[in-house]
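Enquirer: The structure that follows is given in the form of structure tokens.
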Amino acid sequence: ELASEVEADCIQWNTLEEEASLMHHVMSQLKRYQDDRANHSGQKWKLPPCGQPISLFGGDNQARTVIRATDDIIFRVYCADHTYCTLRLPVNASAETIKLSAADKLKLRHSELVLAEVKSTGERVTFRDTDLGIPTSLSLNGRIFVSPRDHLDALTCLTEQENATEGLEVDLELFSTKELAYHMTLFDWDLFWCVHEDSWKQEQFLPSGKTGQGGREKMGSQLSGDKRVDCREYELIYHTFGRHHFGQVTANLDVFLRRFNEIQFWVVTELCLTTSLSKRVQILRKMIKLAAYCKEYQNLNAFFAIVMGLSNVAVSRLSLTWEKLPSKFRKTYTEFEALIDPSRNHRAYRISVGKLQPPVVPFMPLLLKGLMEISIIIVLSQLIVAKFPRSQLCLKVVFYGKKELLATSTNQHCETYMTFTHEGNKTCIDGLINFEKMHMLAQTMRTIRYCRSRHLVLEPPSPKSEGDVRAYISCLRINDNQRMLTSLSQKLEPRRS
Numbered sequence: 020e021l022a023s024e025v026e027a028d029c030i031q032w033n034t035l036e037e038e039a040s041l042m043h044h045v046m047s048q049l050k051r052y053q054d055d056r057a058n059h060s061g062q063k064w065k066l067p068p069c070g071q072p073i074s075l076f077g078g079d080n081q082a083r084t085v086i087r088a089t090d091d092i093i094f095r096v097y098c099a100d101h102t103y104c105t106l107r108l109p110v111n112a113s114a115e116t117i118k119l120s121a122a123d124k125l126k127l128r129h130s131e132l133v134l135a136e137v138k139s140t141g142e143r144v145t146f147r148d149t150d151l152g153i154p155t156s157l158s159l160n161g162r163i164f165v166s167p168r169d170h171l172d173a174l175t176c177l178t179e180q181e182n183a184t185e186g187l188e189v190d191l192e193l194f195s196t197k198e199l200a201y202h203m204t205l206f207d208w209d210l211f212w213c214v215h216e217d218s219w220k221q222e223q224f225l226p227s228g229k230t231g232q233g234g235r236e237k238m239g240s241q242l243s244g245d246k247r248v249d250c251r252e253y254e255l256i257y258h259t260f261g262r263h264h265f266g267q268v269t270a271n272l273d274v275f276l277r278r279f280n281e282i283q284f285w286v287v288t289e290l291c292l293t294t295s296l297s298k299r300v301q302i303l304r305k306m307i308k309l310a311a312y313c314k315e316y317q318n319l320n321a322f323f324a325i326v327m328g329l330s331n332v333a334v335s336r337l338s339l340t341w342e343k344l345p346s347k348f349r350k351t352y353t354e355f356e357a358l359i360d361p362s363r364n365h366r367a368y369r370i371s372v373g374k375l376q377p378p379v380v381p382f383m384p385l386l387l388k389g390l391m392e393i394s395i396i397i398v399l400s401q402l403i404v405a406k407f408p409r410s411q412l413c414l415k416v417v418f419y420g421k422k423e424l425l426a427t428s429t430n431q432h433c434e435t436y437m438t439f440t441h442e443g444n445k446t447c448i449d450g451l452i453n454f455e456k457m458h459m460l461a462q463t464m465r466t467i468r469y470c471r472s473r474h475l476v477l478e479p480p481s482p483k484s485e486g487d488v489r490a491y492i493s494c495l496r497i498n499d500n501q502r503m504l505t506s507l508s509q510k511l512e513p514r515r516s
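No gaps in the numbering here: position 248 of the sequence shown is 267 in the numbering used here, and each next residue is one more.
What follows is the structure in structure tokens.
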């Protein structure tokens, strides 16, 4: 309606040409986005026994598709005797829905059933009936089990969980290190880009010629915050506060966080499964070079994962391997260790990343740590929102982080329905909202936006085996059982007496 009025005024008064052009651009991009949403609605995903969710019938295999709450996902649910059924449910199906569907297929009585994840270590994690997005939130090599509550102790991990996942087993020396880093960065960037997709608005609302930071700020002043930001897309918020409180899923964030652990344990697995000492030294060199290239490409998530993998006790104890590593690589690795030093709240990393220009794939666990430090557990029903509108106002400020003032809470019963927790930093002080915490939260969100405020454009290396490298990067061989990895390491280099 506004676009029509501006266009009419432009024709009648022969003015507002720039504004009319801007509105036409906004509307065309909005139409493009809506068409894209319609074309990609109803995606189907398959969760293999290991690895990343695979998009079925996705069309273009080069581009990562966003996982939406209404998409279907195919996965397995196991019993204590390791029999299983295969389910196809929406990504946002609750744990209770999964539990009841599995019980029907496996011929189990519904009473006193519980849904749980069994990790490769044998650890059992039970899910609440209200939990959402279960298949995409599993740990590496984790499996979903359904069992009577009093038989949880009978759940054991599957035989294949005790071994490395069924990734592609290839000779790493056949691949160029730079090519590995290049395709790893592209893959990780796609995962990062899919996390809360409000980014389409930031990018596509920019007219041609306004791709720089100045143009972005100008557009930011022309569009209201609510137009550019959709609270429903904030997966980081849902992850921090608890997705079940909002009825939203964080599938894309779950997959991206899983990627960090994949790379970390892939490094450890490759080294611990290499029996030849000389070959192990070559792989160690390659991993250090890979970390250097990832740092050069500003893929800090993969950089941290690789260096932390090399710091794993199963790798760091391989003294014979490290002794044969050239001093140049040992020095480089020492510099990398200093960069990931967690002392003084990761000061070395924060100084380094503060000098970077976008695009950047950030070290996501550190950003989440900042969010968890200001975590707020909110229990709020629609009835209470309607009854206490001031509470609704405060919540909007929390999510958008736009108000730089203290909002007075006139409702003395607000704390009965909303529980805020943060050690040493109260949310409500003398009836006022502590917006310092809200600013901290908003700053994390701004960091995410800044990191991807420009599209990733990298100069591709000479494509020697592009298809093979891309396939390998997306299906890594992983063993996340620390006990098994340490045992393999001790067999390679027994402890010296």
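C-beta: ideal position from N, C-alpha, C; glycine also.
Between K388, P479, T178, F323, which lies nearest to S195 when the distance is taken from Cα to Cα?
Expert: By one-based count along the sequence shown, residue 195 stands at place 176. The candidate whose alpha carbon is nearest that of S195 is P479.
Enquirer: Please state the DSSP three-state secondary structure of D148.
Expert: Taking the sequence shown and counting its residues from 1, one reaches residue 148 at position 129. Residue state, collapsed to three classes: coil.
Enquirer: Give me the DSSP bridge partner(s) of V137.
Expert: Residue 137 sits at position 118 when you count from the first residue of the sequence shown. DSSP, once it has assigned bridges, lists R143, R162 as partnering V137.
Enquirer: If you measure between the beta carbons of I93 and R107, is that distance less than 8 angstroms?
Expert: Taking the sequence shown and counting its residues from 1, one reaches residue 93 at position 74. Taking the sequence shown and counting its residues from 1, one reaches residue 107 at position 88. Yes; because the gap between Cβ atoms is below 8 angstroms, this pair is in contact.
Enquirer: Among residues of its own chain, excluding the 5 on either side of L171, which ones have a beta-carbon nearer than 8 angstroms to its beta-carbon?
Expert: If you number the sequence shown from 1, residue 171 lands on position 152. Excluding positions up to five away in sequence, the list reads V133, A135, R143, T145.
Enquirer: Buried or exposed for T440, please, with buried defined as at least 16 other CB atoms from any protein chain shown within 10 angstroms of its CB.
Expert: By one-based count along the sequence shown, residue 440 stands at place 421. For T440, the predicted structure reports a pLDDT of 30, less than 50, and the residue's modelled location is therefore unreliable. A value from the coordinates is still provided. T440 should be labelled exposed.
Enquirer: Determine the contact status of S508 and R336, defining contact as a CB-CB distance below 8 angstroms.
Expert: What you label residue 508 is simply residue 489 of the sequence shown in a count that begins at 1. What you label residue 336 is simply residue 317 of the sequence shown in a count that begins at 1. Against a cut-off of 8 angstroms, the Cβ pair of R336 and S508 comes out as a contact.
Enquirer: Beta-carbon within less than 6 angstroms of L292's beta-carbon, same chain only, minus the 5 sequence neighbours each way: which residues are those?
Expert: Sequence index remark: in the sequence shown, residue 292 carries index 273 (1-based). Excluding sequence neighbours, L292 sits near nothing in its chain.
Enquirer: Is it buried or exposed for A122, if we count other Cβ within 10 angstroms and need 16 for buried?
Expert: As a first step, residue 122 is located in the sequence shown; it is residue number 103 there, counting from the start. The residue is buried, with at least 16 neighbouring Cβ atoms inside 10 Å.
Enquirer: Here's a check: name, in chain order, each residue in its chain whose Cβ is nearer than 6 angstroms to the Cβ of A27, leaving out the five neighbours to either side.
Expert: For the purposes of this step, residue 27 is taken as residue 8 along the sequence shown, with counting starting at 1. Counting only Cβ-Cβ distances below 6 angstroms, and skipping sequence neighbours, we find nothing.
Enquirer: Mind checking which residues open and close the beta strand (DSSP E) that includes Y103?
Expert: Position 84 of the sequence shown, counted from the first residue, corresponds to residue 103. Residues 103-109.
Enquirer: Below 7 angstroms CB to CB, which residues in the same chain sit around R262 once its five sequence neighbours on both sides are set aside?
Expert: As a first step, residue 262 must be located in the sequence shown, where it is residue number 243. If we look at R262 and ignore the five residues flanking it on each side, its Cβ neighbours are L151, G152, V268, T269.
Enquirer: So, helix, strand or coil for F94, using DSSP?
Expert: Within the sequence shown, numbered from 1, the residue matching residue 94 stands at position 75. Strand.
Enquirer: Return the CA-CA distance between K343 and K308, expressed in angstroms with no decimal places.
Expert: The count along the sequence shown starts at 1 and reaches residue 343 at position 324. The count along the sequence shown starts at 1 and reaches residue 308 at position 289. If I take the Cα positions, the gap works out to 16 angstroms.
Enquirer: Among L205, Y352, S156, P345, which one has its Cα closest to the Cα of L329?
Expert: The count along the sequence shown starts at 1 and reaches residue 329 at position 310. It is Y352 whose Cα lies nearest to the Cα of L329.
Enquirer: Buried or exposed, going by whether 16 or more other CB atoms sit within 10 Å of the CB of E315?
Expert: Mapped onto the sequence shown, residue 315 falls at position 296. Looking at its Cβ environment, which holds fewer than 16 other Cβ atoms inside 10 Å, E315 is exposed.
Enquirer: Which residue or residues does DSSP assign as beta-bridge partners of L339?
Expert: Position 320 of the sequence shown, counting from 1, holds the residue named residue 339. DSSP output for L339 lists no bridge partner at all.
Enquirer: Is it right to say L504 is buried, meaning 16 or more other beta carbons lie within 10 angstroms of its own, or is it exposed?
Expert: To locate residue 504, count along the sequence shown from 1; it is residue 485. Buried: at least 16 other Cβ atoms inside 10 Å.
Enquirer: Please classify S338 as buried or exposed, where buried requires at least 16 other C-beta atoms within 10 Å of its C-beta.
Expert: Translated into the one-based positions of the sequence shown, residue 338 becomes position 319. So S338 counts as exposed.
Enquirer: Specify, as a first and last residue, the run of the alpha helix (DSSP H) that C29 falls within.
Expert: Here residue 29 refers to the residue found at position 10 when the sequence shown is read from its first residue. 21-32 is the span of the alpha helix (DSSP H), which, as asked, contains C29.
Enquirer: Quick check on the DSSP output: the alpha helix (DSSP H) that includes F279 runs from which residue to which?
Expert: Counted from its first residue, the sequence shown places residue 279 at position 260. First-last of the alpha helix (DSSP H) with F279: 270-291.
Enquirer: On a Cα-Cα basis, can you pick out the residue from R471, T155, L177, E115 that is closest to Y97?
Expert: Numbered from its first residue, the sequence shown carries residue 97 at position 78. When only C-alpha atoms are compared, the closest one is L177.
Enquirer: From the DSSP secondary-structure annotation, give me the bridge partner or partners of L132.
Expert: The sequence position of residue 132 within the sequence shown is 113, counting from 1. Bridge partners of L132: P167.
Enquirer: For A200, which residues in the same chain have their Cβ closer than 7 angstroms to its Cβ, ignoring the five residues on either side in sequence?
Expert: In the sequence shown, counting from the first residue as 1, residue 200 sits at position 181. The answer, listed in chain order, is L309, Y312, C313, Y316.
Enquirer: Using the Cβ count rule (16 or more neighbours within 10 Å means buried), how would you classify V45?
Expert: What you label residue 45 is simply residue 26 of the sequence shown in a count that begins at 1. So V45 counts as buried.
Enquirer: Please state the DSSP three-state secondary structure of N318.
Expert: Here residue 318 refers to the residue found at position 299 when the sequence shown is read from its first residue. Strand, per DSSP.
Enquirer: Enumerate in chain order the residues of its own chain whose CB-to-CB distance from Q180 is below 7 angstroms, with the five nearest sequence positions on each side excluded.
Expert: Counted from its first residue, the sequence shown places residue 180 at position 161. Cβ within range, chain order: S139, N160, R162.
Enquirer: For the candidate residues Y253, A461, N331, whose alpha-carbon lies nearest to that of N500?
Expert: Translated into the one-based positions of the sequence shown, residue 500 becomes position 481. Of Y253, A461, N331, the residue nearest in Cα terms is N331.
Enquirer: Considering only C-alpha positions, which residue in the set K197, W32, S47, D169 is nearest to L477?
Expert: Counted from its first residue, the sequence shown places residue 477 at position 458. Ranking K197, W32, S47, D169 by Cα distance to L477 puts K197 first.
Enquirer: Alpha carbon to alpha carbon, how far is E485 from T204?
Expert: Within the sequence shown, the letter at position 466 stands for residue 485. Within the sequence shown, the letter at position 185 stands for residue 204. Cα to Cα, E485 sits roughly 14 angstroms from T204.
Enquirer: Have a look at T84, A22, N182 and flag the residue whose alpha-carbon is nearest the alpha-carbon of I497.
Expert: The residue given as residue 497 occupies position 478 in the sequence shown. Ranking the options by Cα distance to I497, first place goes to N182.
Enquirer: Given that a residue counts as buried once 16 or more other Cβ atoms are within 10 Å of its Cβ, and exposed if not, what is L272?
Expert: Along the sequence shown, read from residue 1 onward, the residue named residue 272 stands at position 253. Its Cβ being crowded by 16 or more others within 10 Å, L272 is buried.
Enquirer: Exposed or buried, which one is N320 when buried takes at least 16 other CB atoms within 10 Å?
Expert: Residue numbering aside, residue 320 sits at position 301 when the sequence shown is read from its first letter. Classification for N320: buried.
Enquirer: In three-state DSSP terms, what is S472?
Expert: Counting from one through the sequence shown, the residue named residue 472 turns up at place 453. In the structure shown, S472 sits in coil (DSSP, three-state: anything other than H, G, I, E or B).
Enquirer: Using alpha carbons as the reference points, say which of I73, D100, Y469 lies closest to V165.
Expert: Taking the sequence shown and counting its residues from 1, the one referred to as residue 165 is at position 146. Nearest option by C-alpha distance: D100.
Enquirer: Determine the closest residue to K5 out of D148, P109, P167, with distance taken between C-alpha atoms.
Expert: Given a span of 20 to 516 for the chain in the structure shown, any question on residue 5 remains unanswerable.
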